[in-house]
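S.K.:
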Amino acid sequence: MKISDYFKVNPKDLNCVDVDSSTDIKFYLDPTKIALCKNKYFRGDIASKKIEDFFETLLNLKEQGKTKEIKDILNDIHEINDTHLGNSKVKSKGHGPKVIPLQNSISKIYDVESKVEKEISLLTLPIMFGLFVEDFGPDSYSDIITSIIYEELEEYTEKILGKNHQHAIHLDIPDRKSWNENTHSWQKINKKYFSINGDRIVFVPKKIAVRNHSLSSVSYVNSIVLKFVKKSWEKKHGVKTTQKKMAALVKSEYPQMRSKQIAYMIGLKNPREFLQFANRTSKII
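In this text, residue positions in the sequence shown follow the working numbering: the first is 174, and each later residue adds one.
1) Are the CB atoms of residue 181 and residue 322 nearer to each other than 8 angstroms?
2) On the three-state DSSP scale, how would you describe residue 195?
3) For residue 263, which residues in the same chain have their Cβ closer than 8 angstroms to its Cβ, ignoring the five residues on either side in sequence?
4) Does DSSP put residue 266 in a helix, a strand or coil?
5) Specify the secondary structure class of residue 322 as computed by DSSP and reduced to three states.
6) Helix, strand or coil: how does DSSP classify residue 410 here?
7) Which residue from 229, 302, 385 puts its Cα closest to that of residue 433?
8) For residue 382, which of helix, strand or coil comes out of DSSP?
9) Closer than 8 angstroms by C-beta to residue 342: which residues in its own chain qualify, once you throw out the five before and the five after it? Chain order, please.
10) Under a CB-based cut-off of 8 angstroms, is residue 365 close to chain B?
11) Looking at the strands, I want to know which residues DSSP matches up with residue 202.
12) Would you list the one or two residues that DSSP bridges to residue 249?
13) Restricting to Cα atoms, I'd like to know which of 282, 394, 409 is closest to residue 416.
14) Is residue 445 buried or exposed, if buried means 16 or more other CB atoms sit within 10 Å of its CB?
15) By how many angstroms is the C-alpha of residue 353 removed from the C-alpha of residue 129?
16) Compute the Euclidean distance between the alpha carbons of residue 336 and residue 382, then round it to the nearest angstrom.
17) On a CA-only basis, which of 257, 313, 396 is nearest residue 191? Give me that one, please.
18) Could you tell me the alpha carbon to alpha carbon distance between residue 327 and residue 414, rounded to whole angstroms?
19) Quick one: what's residue 189 bridged to in DSSP?
20) Which residues bound the alpha helix (DSSP H) around residue 432?
21) Contact defined as beta carbons within less than 8 angstroms: I believe residue 255 pairs with residue 373. What is the distance between those atoms, to the nearest angstrom?
22) Excluding five sequence neighbours on each side, which residues of the same chain lie with their C-beta closer than 6 angstroms to the C-beta of residue 452?
23) What's the call for residue 202, buried or exposed, on a 16-neighbour Cβ count within 10 Å?
24) Out of 298, 351, 306, which has the shortest C-alpha to C-alpha gap to residue 204?
25) Could you tell me if residue 412 is buried or exposed, where buried requires 16 or more neighbouring beta carbons within 10 angstroms of its beta carbon?
26) When the Cα atoms are used, what is the spatial distance from residue 403 to residue 189?
27) Looking at the unbroken alpha helix (DSSP H) that takes in residue 351, where does it start and where does it end?
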């Protein structure tokens, strides 16, 4: 059942995404939308700080050589699908994010981060992880963001319920975790939950859920890398060329590489180009 049907309201009048409690819809949480989300029911500023701290904690542990602690943090991400966002076509199964690709990419992220550390902004680290982690699509990334800010989503849900004259059910035993930016670790949260026809659900503000992730390595290659290569080539040869020809040049220089691999290689060689993309992405919010 959809939220709008349960509340008996027009979907346009909902503050949250109108998901169906019995399945998933192809929307994803996007940290670049969370950072400056203006919604009186949702603490976007706190949620964004938690996301930044989560990724910063992973890189700090990498710098200290604490591999076990990194694994512990990533392995403690539970299979949560209370948002009902994602790729499942049938009843939501909550398989959880793929943390192994993330774990394997920490070193790559650290290498790029070390080159732009002094100019890093609130969104730079989340954008890095979205761009450079291989075999880690928007669905898995959205699942991790959900875990990090679950407390804020739960609080938001309770406020929307109150707005619609509904109530959440109190929990006696904590069964969910959320990231704590003060202790830099997961914490159990013991609050409330809500369900529709027996399916547990947390609401998501419309403005932080997207169909197409802005953290796309393809958009990074197309909007930043190709323009950079084109400009450099024209300066060297003294003649104009097309972006299409430059796309072929990039592919020839990085044969058999996928867009995320190319994005990482060029981000490592030209960190300032990555910063341009990060800053531009931040301004699009």
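Just so you know, even glycine gets a beta-carbon here, dropped at the ideal spot from N, CA and C.
Keep in mind the model is a prediction, meaning the values are calculated, not measured.
M.R.: If we stick to the structure as given:
1) In the sequence shown, the residue the question calls residue 181 occupies position 8. In the sequence shown, the residue the question calls residue 322 occupies position 149. It is not a contact, given that the beta carbons lie outside the stated cut-off.
2) Numbered from its first residue, the sequence shown carries residue 195 at position 22. Looking at residue 195 - three-state DSSP - the assignment turns out to be coil, as it is neither helix nor strand.
3) Indexing the sequence shown from 1 puts residue 263 at position 90. Bear in mind that a pLDDT of 49 at residue 263, under 50, signals an unreliable position, so the model cannot answer this.
4) Residue 266 sits at position 93 when you count from the first residue of the sequence shown. At residue 266, the pLDDT of 48 sits below 50, so the modelled position is not reliable and the matter cannot be decided from this model.
5) Position 149 of the sequence shown, counted from the start, is the residue given in the question as residue 322. Here residue 322 sits in coil by DSSP.
6) What you label residue 410 is simply residue 237 of the sequence shown in a count that begins at 1. When secondary structure is reduced to three states using DSSP, residue 410 falls in the helix class.
7) Here residue 433 refers to the residue found at position 260 when the sequence shown is read from its first residue. Comparing Cα-Cα distances from residue 433 to each of 229, 302, 385, the minimum goes to 302.
8) One-based indexing of the sequence shown puts residue 382 at position 209. It is a strand residue.
9) Position 169 of the sequence shown, counted from the start, is the residue given in the question as residue 342. Excluding sequence neighbours, residue 342 sits near 365, 366, 367, 368.
10) Here there is only one protein chain, and chain B is not present.
11) In the sequence shown, counting from the first residue as 1, residue 202 sits at position 29. Beta-bridge pairing links residue 202 to 382.
12) Along the sequence shown, read from residue 1 onward, the residue named residue 249 stands at position 76. None, per the DSSP bridge assignment.
13) Sequence index remark: in the sequence shown, residue 416 carries index 243 (1-based). In terms of CA proximity to residue 416, 394 leads the group 282, 394, 409.
14) Sequence index remark: in the sequence shown, residue 445 carries index 272 (1-based). That one is exposed.
15) It is not possible to answer for residue 129, since the shown part of the chain is limited to 174 through 458.
16) In the sequence shown, residue 336 corresponds to position 163, counting from 1. In the sequence shown, residue 382 corresponds to position 209, counting from 1. Spanning the two alpha carbons is a distance of roughly 21 angstroms.
17) By one-based count along the sequence shown, residue 191 stands at place 18. A check of alpha carbon separations from residue 191 across 257, 313, 396 identifies 257 as the nearest.
18) If you number the sequence shown from 1, residue 327 lands on position 154. If you number the sequence shown from 1, residue 414 lands on position 241. C-alpha separation (whole angstroms): 52 angstroms.
19) As a first step, residue 189 must be located in the sequence shown, where it is residue number 16. For residue 189, which the question treats as bridged, DSSP gives the partners 378.
20) Mapped onto the sequence shown, residue 432 falls at position 259. Boundaries of the alpha helix (DSSP H) harbouring residue 432: 432-442, taken from the DSSP string.
21) Mapped onto the sequence shown, residue 255 falls at position 82. Mapped onto the sequence shown, residue 373 falls at position 200. Here residue 255 really is in contact with residue 373; their C-beta atoms are around 5 angstroms apart, less than 8 angstroms.
22) Here residue 452 refers to the residue found at position 279 when the sequence shown is read from its first residue. Within the same chain, residue 452 has no close Cβ partners at all.
23) Sequence index remark: in the sequence shown, residue 202 carries index 29 (1-based). Counting Cβ neighbours within 10 Å, residue 202 comes out buried, since at least 16 surround it.
24) Within the sequence shown, residue 204 is the residue found at index 31, counting from 1. 298 is the residue among 298, 351, 306 whose C-alpha sits nearest the C-alpha of residue 204.
25) Here residue 412 refers to the residue found at position 239 of the sequence shown. It counts as exposed.
26) If you number the sequence shown from 1, residue 403 lands on position 230. If you number the sequence shown from 1, residue 189 lands on position 16. Distance between the alpha carbons of residue 403 and residue 189 is about 42 angstroms.
27) Position 178 of the sequence shown holds residue 351. Counting along the chain, residue 351 falls outside any alpha helix (DSSP H), though it belongs to the beta strand (DSSP E) covering 349-353.
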